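Below is one structure, written out as structure tokens, with a few remarks after it.
In this note's numbering, the protein residues as written are 9 to 247.
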């Protein structure tokens, strides 16, 4: 298999990240299980390099996941990526199953997103490619292929997307995509928000390739922005 590149980018939210993150905090992980064997690929924050508040980790070769499957490429982004004051978790990857049908789990770490009220949106797209001429199948290992969570790893579910199988013919590729809410925009998150994360969990037919791209973004609701503005004004007055 040709040399590939794996990169993870983590933008810390509101902290001097390299000074405050413990060495044993996971940035992201991939688990693979084919029923006979399991394997994992885990990256901790202390394994990367910091450039300001952006953390980067790079691998210059294909990653074997315990002999079960391979990670061919990935880009993981966690943090504040725009002017909205919100937070984003983006998972993008390519994996290949080994000699048996394989269940993969691709999970992010947590992105801090402390808003009294918030709105969110999530989107995900997936493809599966047949490499042996007998067709390929990618199916959810649970209720959905992609899940966006808030308030803890696999905490409260914001959206479960791609709830059915994706099937490709011989030597072909099939794709599927979904978003929440439909048609763009944001939907309300009920209750106070602390953090967000995301997870892909799916089964891939033997020797076939699966690719996924996803974005989960939350922004403070207008009431949160007003509260934050009042807090900033009060702090300035105290000075």
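A virtual CB, placed ideally from N, CA and C, is assigned to each residue, including glycine.
Remember, it's a predicted structure, so these values are computed and weren't measured experimentally.
Proximity below 8 Å, CB of residue 229 to CB of residue 126: Within the chain shown, the letter at position 221 stands for residue 229. Within the chain shown, the letter at position 118 stands for residue 126. Result yes, Cβ atoms of residue 229 and residue 126 sit closer than 8 Å.
Counted within 10 angstroms of its Cβ, other Cβ atoms place residue 32 as buried (16 or more) or exposed: As a first step, residue 32 is located in the chain shown; it is residue number 24 there, counting from the start. Counting Cβ neighbours within 10 Å, residue 32 comes out exposed, since fewer than 16 surround it.
Alpha-carbon spacing of residue 120 relative to residue 207, whole angstroms: Position 112 of the chain shown holds residue 120. Position 199 of the chain shown holds residue 207. Each residue's CA atom was taken as its position, placing residue 120 and residue 207 some 16 Å apart.
Contacts around residue 227, its chain only, beta-carbon distance under 7 Å, and the 5 residues preceding and following it disregarded: Translated into positions along the chain shown, residue 227 becomes position 219. Here the set comprises 92, 93, 94, 126, 127, 194.
Beta-carbon proximity list for residue 180, same chain, < 7 Å, skipping 5 on both sides: For the purposes of this step, residue 180 is taken as residue 172 along the chain shown, with counting starting at 1. Closer than 7 Å at the Cβ level, and outside the excluded window around residue 180, lie 138.
Rounded separation between residue 29 and residue 118 - CA only: On the chain shown, position 21 is the one that residue 29 refers to. On the chain shown, position 110 is the one that residue 118 refers to. Summary for residue 29: the model assigns pLDDT 46, below 50, so the residue's position carries little reliability, and this model does not support an answer.
For residue 230, three-class secondary structure by DSSP: On the chain shown, position 222 is the one that residue 230 refers to. Taken through DSSP and simplified to helix, strand or coil, residue 230 comes out as helix.
Validate contact between the segment 72-85 and the segment 100-115 using beta carbons, cut 8 Å, 3 pairs: Result yes; three or more Cβ-Cβ pairs closer than 8 Å.
DSSP three-state assignment for residue 216, whether helix, strand or coil: Looking up residue 216 in the chain shown gives position 208. Reduced to three states, the DSSP call for residue 216 is coil.
Spatial distance of residue 189 from residue 154 (CA atoms): As a working note, residue 189 is residue 181 in the chain shown. As a working note, residue 154 is residue 146 in the chain shown. The alpha-carbon of residue 189 is positioned some 14 Å away from that of residue 154.
Reference residue 39, options 115, 55, 166, closest by Cα: Locating residue 39 in the chain shown gives position 31, counting from the first residue. Cα-wise, what sits closest to residue 39 is 115.
Buried/exposed call for residue 268, threshold 16 Cβ in 10 Å: What the structure shows of the chain is the stretch from 9 to 247, and residue 268 is not part of that stretch, so it cannot be assessed.
Same chain only: Cβ atoms within 7 Å of residue 36, ignoring 5 sequence neighbours per side: Taking the chain shown and counting its residues from 1, the one referred to as residue 36 is at position 28. Correct list, in chain order: 16, 51, 84, 115, 116, 117.
Neighbourhood of residue 185 by C-beta distance below 6 Å, restricted to the same chain and skipping five residues each side: Taking the chain shown and counting its residues from 1, the one referred to as residue 185 is at position 177. Only 133 meet the Cβ criterion.
C-beta atoms of residue 157 and residue 197 nearer than 8 Å: The sequence position of residue 157 within the chain shown is 149, counting from 1. The sequence position of residue 197 within the chain shown is 189, counting from 1. No Cβ-Cβ contact shorter than 8 Å links residue 157 with residue 197.
Length-filtered (3 minimum) beta strand (DSSP E) runs lying within the segment 93-123: You should have 95-105, 110-116, 119-123.
Between the CA atoms of residue 144 and residue 213 - distance to the nearest angstrom: Here residue 213 is taken as the residue at index 205 of the chain shown, counted from 1. Here residue 144 is taken as the residue at index 136 of the chain shown, counted from 1. Roughly 6 Å separates the two Cα atoms.
Pair within 8 Å by beta-carbon distance, residue 147 and residue 182: Along the chain shown, read from residue 1 onward, the residue named residue 147 stands at position 139. Along the chain shown, read from residue 1 onward, the residue named residue 182 stands at position 174. Their beta carbons are not under 8 Å apart, which means residue 147 does not touch residue 182 by this criterion.
Cut-off 6 Å between Cβ atoms - residues of its own chain near residue 200, not counting five sequence neighbours on either side: Locating residue 200 in the chain shown gives position 192, counting from the first residue. Hits under 6 Å: 124.
Burial state of residue 48, where buried means 16 or more other Cβ atoms lie within 10 Å: Locating residue 48 in the chain shown gives position 40, counting from the first residue. Counting the other Cβ atoms within 10 Å of the Cβ of residue 48 gives fewer than 16, which makes it exposed.
Secondary structure, beta strand (DSSP E): runs of 3+ residues fully inside the segment 159-200: Those beta strand (DSSP E) runs which fall completely within the segment 159-200 and span 3+ residues are 164-169, 174-176, 181-188, 195-197.
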